[in-house]
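Undergrad: Before anything else, here's the structure in question.
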DNA sequence: ATCGGTACTGGTAACGTTTCCAATTTAGAA
DNA sequence: TTCTAAATTGGAAACGTTACCAGTACCGAT
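Residue numbers (this note's numbering), protein chains in the order written: chain A, 82 to 419; chain B, 82 to 419.
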């Protein structure tokens, strides 16, 4: 069952059927209706491979996810997938496991799969990819990734938040509650992930509150429950009499919270904790965890919106910065009120 | 840059280049090497649309997920994606939002995208789809779904667990700890999801322990944190002096646990709780939650393995049943030892 | 009646592969 | 040397669309 058959049934030329399928205007209402019913009767579905071959593109949008399992990304991916499907495209999802650079995977994927566009979640995009970026034939959108400051912004779009500022506010909030000894769990200062930005925010907040930065207060964790748990244990073992800890990702924050409670300590009575991302778990942990909420739905929706416009040449590359919100919950205690 | 160009550079016919690309044997080592280097030099990538058109199939494997957000599925999807990519295929991921039947979406997806095969996660597959199933040209694998007993098993493959038995063991464990008043949170007895099987296991376990089934002990929840939370609240309001509750999905269990603790009650001192699925988070909740662990990695791996074999006609449809394991953690208390 | 224009419709060459069949080369046997 | 079969290679017809270029039919205006 192909376009030729339909044309034969309808007694018209294939080109006319093609026009109907693609909603071209130059077809009389009568023939359009006739062809449409015949298509319907025979359950004809146009062959995508043929269309793609002819048009030299596909109907697929690639989504590249930095390969650590994180419910924050999982939810964004789901939403992105829905948005993509709604627009008649399909989502090709690819998890990237570190070894090869994010960008190389992305560009290979685009070429190989003749993707219409690509959304990359997480990871890092440095200046080194600038020329490669320029060679890309389809739009790419970078979501929630660390983007080098000096890179030419006209080559790609991005959706992000003010990581440093958001972290600043979180830590400043802790300070406002009277905390002075505030630990931090983060991938570290020389890491290439977005976490370093949050780490900078932490330092600025300390400075702003005239608290001296103490290298001892940092423990490294890499975006898993386990690493958050272990980092917190190391922090506690140092006996620094911390009263609070800022964890730059919720899943690590939950691991850290578990570590605290496993030692018989209480949240927030003994230690206050703030996470980052706003995943559901934080709300359903007990006590509920204060966190910096990222607008994941909006990030997903806007990235697809933007990509769609870019694909159809309806706009230029742009860099959208969304707002975060500090969700104040049960895990932070005010030291002054004791 | 297409196969013709490569052929011209190499001074051979396109058919020879094609043979090299597809690893056909009838090419001399010399020409093969020459062509390979030329392909490499020019960074030539075969056009998938053209190949697909010619071969009337694609390189895509569809993954259909029942559209509620559940970290259990999210993790399986990630693993499936990795396995698919490793085999040189791509994953087209589609979230299904209830309204249209799972199967209709699946078959439409297959036809429209010329998929090579499909893996469906969750949902329900009843007898009504039997003829439609028979008409499918590509293999389909049903993972973690409720499958009607009378359906012809030669038409599809499945990966599942012994839901009823696993639930039985969980509830029986609760009984063995001395619990007699055991609530249950489940999508209900007339629901079409896999939850009903677990509900049956619950009832069997009660019977086996000479505990009379009480309709009051059931509250309906539909696989979200919130619904677990709310169901537990309703359960608590009934004042049934429950000592334990079996929740047929971890995310609901976490919601329920939160509801319990929000009332100032303690787990497991006041109420014991068991979940189902084995998502990471149950381990990091405090107290850690006893749950029926499903082998998600294995489910993912085996489903892709099987699909791959089916695609290459290396085996027949089969129905794999994997083992679950009751992870005994902190959320269950033994009543006898007080 | 003729013309010009509009509204439709038809024919057909691509798009980049794969695969069958035919043609050529090669090697070994007679 | 000649012949045969095996090993390679080439040619060309599909696969199912789209989009360009023509062609036809019709209508109102001259």
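The C-beta atom is built at its ideal place from N, Cα and C for all residues, glycine as well. All figures in this text were calculated on a predicted structure; none of them were measured in a lab.
1) Between which two residues does the beta strand (DSSP E) carrying residue 241(A) extend?
2) Which value, in whole angstroms, describes the spacing of the CA atoms of residue 133(B) and residue 133(A)?
3) Could you tell me the distance, in whole angstroms, from the CA atom of residue 319(A) to the CA atom of residue 276(A)?
4) Using a Cβ-Cβ cut-off of less than 7 Å, list which residues of the segment 147-179 of chain A approach chain B; keep chain order.
5) Using 8 Å as the threshold, is the C-beta distance between residue 266(A) and residue 323(A) below it?
6) Nearest CA to the CA of residue 365(A): which residue from 331(A), 351(A) and 302(A)?
7) Could you check whether the Cβ of residue 123(A) sits closer than 8 Å to any Cβ belonging to chain B?
8) Mind checking whether residue 183(B) and residue 214(B) have CB atoms under 8 Å apart?
9) Return the chain-ordered list of same chain residues with a C-beta closer than 6 Å to the C-beta of residue 208(B), the five sequence neighbours on each side being excluded.
10) For the segment 350-367 of chain A, enumerate the residues whose C-beta is nearer than 8 Å to any C-beta of chain B, in chain order.
11) Check residue 82(A) in the structure and name its three-state DSSP category.
12) Who are the near neighbours of residue 108(A) in its chain, counting only those whose CB is closer than 7 Å to its CB and skipping five residues on each side?
13) At a cut of 8 Å, does the segment 352-365 of chain A reach the segment 388-397 of chain A through at least three beta carbon pairs?
14) Secondary structure at residue 143(B), three-state DSSP: helix, strand or coil?
15) Quick one: is residue 377(A) near chain B, going by C-beta distance under 8 Å?
16) Leaving out the 5 sequence neighbours to the left and right, which residues in its chain are closer than 8 Å to residue 298(B) when beta-carbon positions are compared?
17) Using only the alpha-carbon positions, how far apart do residue 310(A) and residue 344(A) sit?
18) Can you name the start and end residues of the beta strand (DSSP E) that residue 325(A) belongs to?
19) Can you tell me which of 142(A), 225(A) and 122(A) puts its alpha carbon nearest to the alpha carbon of residue 174(B)?
20) Take residue 403(B) as the anchor and find which of 178(B), 287(B), 114(B) and 245(B) has the nearest alpha-carbon.
21) Within 10 angstroms of the Cβ of residue 235(B), are there 16 or more other Cβ atoms? Answer buried if so, exposed if not.
22) Does the count of Cβ pairs from the segment 371-388 of chain B and the segment 335-342 of chain B closer than 8 Å reach three?
23) Output yes or no for whether 8 Å exceeds the beta carbon distance between residue 398(B) and residue 206(B).
24) Whose Cβ in chain B lies nearer than 9 Å to the Cβ of residue 345(A)?
25) At the 8 Å Cβ level, is residue 194(B) part of the contact set with chain A, yes or no?
26) Do residue 171(B) and residue 217(B) have their C-beta atoms closer together than 8 Å?
27) What would DSSP say about residue 298(A), mapped onto helix, strand or coil?
TA: If we stick to the structure as given:
1) 238-242
2) 10 Å
3) 23 Å
4) 150, 152, 155, 156, 159, 162, 163, 166, 171, 172, 173, 174, 175 and 176
5) no
6) 331(A)
7) Closer than 8 Å: no.
8) no
9) 229, 231 and 232
10) 361, 362, 364, 365, 366 and 367: these are the residues of the segment 350-367 of chain A whose beta carbon lies less than 8 Å from some beta carbon of chain B, given in chain order.
11) Looking at residue 82(A) - three-state DSSP - the assignment turns out to be coil, as it is neither helix nor strand.
12) 97, 100 and 101
13) Taking 8 Å as the limit for Cβ pairs, the verdict is that the segment 388-397 of chain A does not touch the segment 352-365 of chain A.
14) strand
15) no
16) 262, 263, 264, 265, 316, 321 and 323
17) 11 Å
18) 325-328
19) 142(A)
20) For the residues 178(B), 287(B), 114(B) and 245(B), the minimum Cα distance to residue 403(B) belongs to 245(B).
21) exposed
22) no
23) no
24) Simply none; closest approach about 11 Å.
25) Any Cβ of chain A closer than 8 Å to the Cβ of residue 194(B) would place that residue at the interface, and such an atom is present.
26) no
27) helix
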